[in-house]
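What follows is a short report on a single structure.
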């Protein structure tokens, strides 16, 4: 029997959010993108966001009660977008449909990723958003050279041929991972199987300072509704008065939320909460890109009171079953998959899709202090954003609508 040849798609993400008291003042608000987006770029963003909610729904449905989910659909989409260049036939069609890229050619997808990255990563000089791609190929194995040319030209991927039989190769790949994520994630490849022929890795690192900062002296424990329905838990909560924030409330549904901007307000942290007594899972189950877009259009900015839990969360998942459920099972089936644009090996298939994330939201260098309590117990709170129950969290680029990170936070303590 001929051994099957798996390839490994690794979507790797790190996100560090720092409310930093060294930031001296809000910069001028960015009102528009430096250039107009092409139709293809707009469609790629819409497709990526639609895929984001597909991915979140499936991942939340599979998660343990009370646990957190935090993913970067942008990272997963880009890693699979690179892989798509090696697919053909039914495999290509199923992957393109799952990624919501129907109606777009492969060239349009590639060019849009390249040009969007060049545009978006430079929007805010005070916010760090680094994206890195790499491809690690088994030395001596037959590949189609054009595949590597494509991922280098359009995705800026570092392509290296390595001796997969050498234990040091694993360390080299993981060192690249650590460097690309500023040390936040140091391992993505646990081991290399004799049947592994290729690792495709996408890494994203984000760090932003709030446009207006929190008062670190007001950080204090505050009640947060338990996701399991057993009362509330105490979580360290940051507070700010007169903080610039966007708010929205969906009337009779009771769904509410808002967003906090970073730097020049191109990037924001967006929060969506279910109605009091409601379930964040129910909101996720009904969420799609059209609903999300309509919610974002209702956001109105003001200077308000904000109470936001501090968070430090690490998340790791295998997305194989989720992606199969979403329609690309053929890509994982060695008897049916077609990666002839990557290698002449007829049994090449995706063996696993790994995803790791790291999220940190706090005041830099601040220890928890109880000098001032949060006024949660008041009968009537002033207008503001009070994140006191399980919520949907997103980090997005406001002007293009691109969702970089998406999750459900049921327990801010991690």
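In the numbering used here, the protein residues as written are 5 to 418.
Glycine included, each C-beta is placed from N, C-alpha and C at the ideal position.
| query | Looking at C-alpha atoms only, which residue of 144, 138 and 351 is the closest neighbour of residue 167? | reply | Measuring from the Cα of residue 167, the nearest candidate turns out to be 144.
| What is the rounded straight-line gap between the Cα of residue 411 and the Cα of residue 284? | Computed Cα separation, rounded: 11 Å.
| task | Take residue 342 and list the residues in its own chain whose beta-carbon comes closer than 6 Å to its own, dropping the five residues that flank it on each side. | result | If we look at residue 342 and ignore the five residues flanking it on each side, its Cβ neighbours are 92, 93 and 95.
| message | By the three-class DSSP mapping on this structure, what secondary structure does residue 183 have? | response | In the structure shown, residue 183 falls within a helical segment according to DSSP collapsed to helix, strand and coil.
| task | Give the DSSP bridge partners of residue 137, in chain order. | result | Per DSSP, the beta-bridge partners of residue 137 are 206.
| query | Does the pairing of the segment 239-250 with the segment 312-330 give three or more beta-carbon distances under 8 Å? | reply | Touching, per the Cβ criterion.
| field | Inter-residue spacing [alpha-carbon to alpha-carbon] between residue 300 and residue 79 | value | Take the alpha-carbon of residue 300 and the one of residue 79: they are about 22 Å apart.
| Assuming residue 203 and residue 177 make a contact with CB atoms under 8 Å, what is their CB distance in whole Å? | Correct: roughly 6 Å between the Cβ atoms.
| field | Euclidean distance between Cα positions of residue 391 and residue 275 | value | If you take the alpha carbons of residue 391 and residue 275, they lie about 8 Å apart.
| the segment 154-164 / the segment 289-300 touching (three or more Cβ pairs under 8 Å) | Look at the beta carbons and you see the segment 154-164 not touching the segment 289-300: under three pairs across the two are nearer than 8 Å.
| said: Quick check on the burial criterion: 16 or more other C-beta atoms within 10 angstroms. Buried or exposed for residue 43? | reply: Counting every other CB atom within 10 Å of its CB across the protein chains shown gives residue 43 a total below 16, marking it as exposed.
| CB-CB under 8 Å to residue 139, same chain, minus the five flanking residues each way: which ones, in chain order? | Result list for residue 139: 86, 152, 155, 161, 162, 163, 164, 202, 203, 204 and 205, in chain order.
| task | Please classify residue 126: does DSSP put it in a helix, a strand, or coil? | result | Of the three classes helix, strand and coil, the one that applies to residue 126 here is coil, per DSSP.
| query | Would the segment 226-237 and the segment 247-261 be scored as touching if the rule is three or more Cβ pairs under 8 Å? | reply | As far as the Cβ criterion goes, the segment 226-237 does not touch the segment 247-261, which means the pair count is below three.
| field | Cα-Cα separation, residue 362 to residue 34 | value | The C-alpha of residue 362 lies about 27 Å from the C-alpha of residue 34.
| residue 239 and residue 417 closer than 8 Å at C-beta | For residue 239 and residue 417, yes; Cβs fall inside 8 Å.
| request: Buried or exposed for residue 66, please, with buried defined as at least 16 other CB atoms from any protein chain shown within 10 angstroms of its CB. | output: When all chains shown are included, residue 66 counts as exposed.
| Contact check, residue 131 vs residue 267, beta carbons under 8 Å | Between residue 131 and residue 267, the C-beta gap is smaller than 8 Å, which places the two residues in contact.
| task | Can you say whether residue 127 is buried or exposed, counting buried as having 16 or more other CB atoms within 10 angstroms of its CB? | result | Around the CB of residue 127, 16 or more other CB atoms lie within 10 Å, so the residue is classed as buried.
| query | Taking DSSP as the reference, what is the three-state secondary structure of residue 269? | reply | Of the three classes helix, strand and coil, the one that applies to residue 269 here is coil, per DSSP.
| task | Whole angstroms is fine: what's the gap from residue 68's alpha carbon to residue 149's? | result | When the Cα atoms are used, residue 68 and residue 149 turn out to be separated by approximately 43 Å.
| said: Tell me which residues share the same chain as residue 373 and place their Cβ nearer than 6 Å to its Cβ, disregarding the 5 neighbours each side in the sequence. | reply: Note that residue 373 scores 18 on pLDDT, short of 50, meaning its location in the model is unreliable; the coordinates nonetheless yield the value given after this. Excluding sequence neighbours, residue 373 sits near 223.
| request: Classify residue 58 as buried or exposed, calling it buried when 16 or more other Cβ atoms lie within 10 Å of its own Cβ. | output: So residue 58 ends up on the buried side.
| query | Who are the Cβ neighbours of residue 61 in its own chain at under 8 Å, not counting the five residues just before and after it? | reply | The beta carbon of residue 61 sits closer than 8 Å to those of 288, 289 and 291, all from its chain and outside the five residues before and after it, given in chain order.
| task | Mark residue 339 as exposed unless 16 or more other C-beta atoms lie within 10 angstroms of its C-beta, in which case mark it buried. | result | For residue 339, the number of other beta carbons within 10 angstroms of its own is below 16, and it is reported as exposed.
| query | My guess is that residue 273 and residue 399 are in contact by the Cβ rule of under 8 Å, so how many angstroms apart are they, rounded? | reply | That belief holds up - the Cβ atoms of residue 273 and residue 399 are roughly 6 Å apart, short of 8 Å.
| query | Curious, which full-length alpha helix (DSSP H) runs of at least 4 residues does the segment 255-332 contain? | reply | DSSP runs (the alpha helix (DSSP H)) wholly in the segment 255-332: 284-289, 293-301 and 324-327.
| query | Near residue 121, which residues of its chain fall below 7 Å by C-beta distance, leaving aside the five closest residues on each side in sequence? | reply | Only 135 meet the Cβ criterion.
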